[in-house]
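In UniProt numbering, the protein residues as written are 1 to 215. From the three backbone atoms N, C-alpha and C, an ideal C-beta is built for every residue, glycine too.
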């Protein structure tokens, strides 16, 4: 994947994330996000068989893509890409048509139920412009969220020294959110093999005969 210089990026260290949700609370508080919708979500992926199991926490937000599909899809140019790479949204132009929601491959845009217009993570651009880090970065107790310009030597050192993944690279959107993941399954749960049949998951599919007579 080509790495573009002069572009703000998020780096999420899934090995450090403890799933405390401090980032989601800070995001809601800083951006007045209504109940029931999210700019930032934390999901978890479990892998393995008991007692050898692992749980990975993954932060999901706008990926501030280099070739953002939402920007191309917006018919009124409410979504736009700033010179620093942050994908932002002008709510005064938004007509709530949801074209951006359909175009986003990361399910990162929602309609504000109070305003009827689209909203998404904009990396707390008002804080960034004032010289601060996004709210989620500021409150993370384990430093699992890193934000900065990809041309920064510190950011380059992290990306060059550790394996990283991006979500859905096949879309061609060129996402600028990198995951330092000890296992690919933390980012793509579909790579996890289905576990052997057990007591509670061996019910036959419709039209399939029971294998053990239990059901």
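**OP:** Note down the Cα distance separating residue 128 from residue 50, rounded to an integer number of angstroms.
**Re:** 44 Å
**OP:** Have a look at 62, 140 and 99 and flag the residue whose alpha-carbon is nearest the alpha-carbon of residue 73.
**Re:** Ranked by Cα distance from residue 73, the options 62, 140 and 99 are led by 99.
Original post:
Does DSSP put residue 115 in a helix, in a strand, or in coil?
Top reply: In the three-state reduction of the DSSP assignment, residue 115 falls in the coil class.
Original post:
How many angstroms separate the CA atom of residue 29 from the CA atom of residue 141?
Top reply: 17 Å
Subject >> Cβ-Cβ distance between residue 40 and residue 16 below 9 Å >> reply: no
Original post:
Is the Cβ-Cβ distance between residue 111 and residue 95 less than 9 Å?
Top reply: no
Original post:
Any idea what DSSP makes of residue 138, helix, strand or coil?
Top reply: helix
Subject >> beta strand (DSSP E) segment containing residue 145, residue limits >> reply: It spans 145-149 - the beta strand (DSSP E) in which residue 145 sits, taken as one unbroken run.
Original post:
Where does residue 91 land, buried or exposed, given buried means 16+ other C-beta within 10 angstroms?
Top reply: exposed
**OP:** Rank 68, 56 and 132 by C-alpha distance to the C-alpha of residue 82 and give the top, closest one.
**Re:** Ranking 68, 56 and 132 by Cα distance to residue 82 puts 68 first.
Original post:
Between residue 45 and residue 27, what straight-line distance do the alpha-carbon atoms span, to the nearest angstrom?
Top reply: 22 Å
Subject >> For residue 31, three-class secondary structure by DSSP >> reply: Residue 31 falls in the helix class under three-state DSSP.
Subject >> CB-CB length for residue 108 against residue 121, believed under 8 Å >> reply: Right, the Cβ-Cβ distance comes to about 7 Å (below 8 Å), so this counts as a contact.
Original post:
Taking the alpha carbon of residue 59 as the point to measure from, which residue in 160, 170, 172 and 146 has its own alpha carbon closest?
Top reply: Of the listed residues, the one whose Cα sits closest to residue 59 is 146.
Original post:
Going by alpha carbons, who is nearest to residue 106 out of 181, 7, 170 and 13?
Top reply: 170
Original post:
Under three-state DSSP, which class holds residue 46?
Top reply: Strand at residue 46.
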